[in-house]
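Novice: This structure is in structure tokens; I'll ask about it shortly.
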Amino acid sequence: MTAITPLEFIHKKGIFGDHHKKNESDLLKISEVKNLTIIQVVQYKKSEVNITEVKIDGLEFPEQNSNVTSNKDTRILWSAPRTWLILSNKENIIDIVKKDLKEKYFAITDISHSRAVIQIKGMQAKEVLKKGSPINFNEFDLNRCVGTVFHGITIVIDSISNDPDTFNLLTLRSFGESFYHHITDSALEFGYVGV
Amino acid sequence: MLEIKCPYCGKRSQNEFSYGGDADIKRPELGKEISDKEWDDFVYFRKNPRGKHLELWHHVAGCRQWFKVSRDTSTHEIFKTLKLNEEL
């Protein structure tokens with residue numbers, strides 16, 4: 001059975017906004033990220049595990065706020081003290097996590113179905129995000145993440161590339177449609193391609 | 196608009212936070228007999244000073260942690276932010 005993604009019937013493909021006389025390859029690209037497994041990991045206060053010694057898919061858990069560790073398939077985002085988000089394209093990542101983290105010490109929750117994920121890519125991606133979020137994007141580098149708001153909607157921004165700027169934007173599934181329209185409306189002045 | 200330094204995430208805009216009230220309130224000791232007035236004071240009565248005030252804030256759109264903020268309610272100057280287990 002194929003799952004219906006949060007933006008399945010919302011996301012439109014094509015070229016939109018002020019794209020006249022602009023090279024299509026220079027336009028922003030907006031897409032829905034599908035088939036991403038999102039797992040929230042919380043280390044219990046009484047846990048005796050030293051988190052620096054634990055690795056998932058070869059990745060350490062970042063201890064500094066807003067940091068991300070990543071490889072080709074998986075990213076681990078610092079979310080809060082003793083709390084992380086694991087984002088992965090691997091279908092069996094939940095099994096890997098449950099194997100490497102004992103449930104006695106960690107709360108492991110698969111929240112893939114409850115998040116809408118939008119990817120925005122292009123030179124003006126930061127300009128779009130600046131319109132609705134109070135974060136200082138001039139100091140927001142590659143492999144950083146942040147929990148913030150965009151026009152009042154709580155989101156997580158994950159910086160996955162800087163050539164060109166590419167961000168995965170996570171929000172609650174129920175806010176997905178509203179958030180998608182906020183993003184696409186903000187991108188109209190630059191012109192964007194719905195991919 | 197305030198810029199509040201979350202003890203866990205660093206400086207962020209007030210948009211990301213939610214005010215949580217007076218941080219000086221202490222719950223009566225468990226099991227201790229207290230009068231209706233003491234209970235009433237704990238549940239309902241809050242200071243509302245013009246000047247320095249210790250407040251609770253919640254980083255609701257960020258790390259979702261509660262923390263204390265020492266702030267001047269008239270000038271909006273923030274003197275210090277602390278984790279819940281820290282004292283001024």
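Note that the protein sequences, when read in sequence, are chains A and B. Note that the working numbering numbers the first sequence so that position 115 is 115, with each residue one more than the last. Note that the working numbering numbers the second sequence so that position 17 is 212, with each residue one more than the last. C-beta: ideal position from N, C-alpha, C; glycine also.
(1) Could you say if the region 36-47 of chain A and the region 127-147 of chain A meet the contact criterion of at least three C-beta pairs nearer than 8 Å?
(2) Cβ of Gly14 of chain A within 8 Å of Cβ of Gly152 of chain A?
(3) I want to know whether the region 7-21 of chain A touches the region 179-192 of chain A - three or more CB-CB distances under 8 Å.
(4) Compare the C-beta of Glu211 of chain B with all C-beta atoms of chain A and state if any pair is closer than 8 Å.
(5) Examine chain A for any beta-carbon lying closer than 8 Å to the beta-carbon of Tyr214 of chain B, and answer yes or no.
(6) Hey, does Lys171 of chain A have any beta-carbon neighbour from chain B nearer than 8 Å?
(7) With a Cβ-Cβ cutoff of 8 Å, do Gly122 of chain A and Leu27 of chain A count as a contact?
(8) Where in the region 10-38 of chain A do unbroken runs of the beta strand (DSSP E), each at least 3 residues long, occur, reported from the N-terminal end onward?
(9) Hey, quick one: how far does the beta strand (DSSP E) through His113 of chain A stretch, first residue to last?
(10) Scan the region 130-159 of chain A for residues whose Cβ lies nearer than 7 Å to a Cβ of chain B and list them as they occur along the chain.
(11) What are the start and end residues of the alpha helix (DSSP H) that includes Glu250 of chain B?
(12) Does Tyr44 of chain A come out as helix, strand or coil in the three-state DSSP assignment?
(13) Residues of chain B with a CB under 9 Å from the CB of Asn162 of chain A: which are they?
(14) Along the region 239-261 of chain B, where does the CB come closer than 9 Å to a CB of chain A? Name the residues.
Specialist: With the structure as the only source:
(1) Judged by Cβ distances under 8 Å, the region 36-47 of chain A makes no contact with the region 127-147 of chain A, as fewer than three pairs qualify.
(2) Not a contact, by the Cβ cut-off of 8 Å.
(3) Cβ pair count under 8 Å is three or more, so yes.
(4) Yes - at least one Cβ of chain A is within 8 Å of the one on Glu211 of chain B.
(5) For Tyr214 of chain B, the answer is no, since every Cβ of chain A falls outside 8 Å of its Cβ.
(6) According to the sequence as given, residue 171 of chain A is Thr; it is not Lys. It does not; no Cβ of chain B falls within 8 Å.
(7) Going by C-beta atoms, Gly122 of chain A is nearer than 8 Å to Leu27 of chain A.
(8) Runs found: 14-16 and 28-32.
(9) Looking at the DSSP string, His113 of chain A is not in any beta strand (DSSP E), and its letter there is neither H nor E.
(10) If you check each beta-carbon in the region 130-159 of chain A against every beta-carbon of chain B, the ones closer than 7 Å belong to Pro134, Gly147, Thr148, Val149 and Thr154.
(11) For Glu250 of chain B, there is no enclosing alpha helix (DSSP H); the residue is part of the beta strand (DSSP E) that begins and ends at Lys247 to His253.
(12) In the structure shown, Tyr44 of chain A sits in coil (DSSP, three-state: anything other than H, G, I, E or B).
(13) Annotation: Asn162 of chain A has no Cβ neighbours in chain B at a cutoff of 9 Å; minimum Cβ distance is about 21 Å.
(14) Going along the region 239-261 of chain B in chain order, one finds His254, Val255, Ala256, Gly257, Cys258, Arg259 and Gln260 with a Cβ nearer than 9 Å to chain A.
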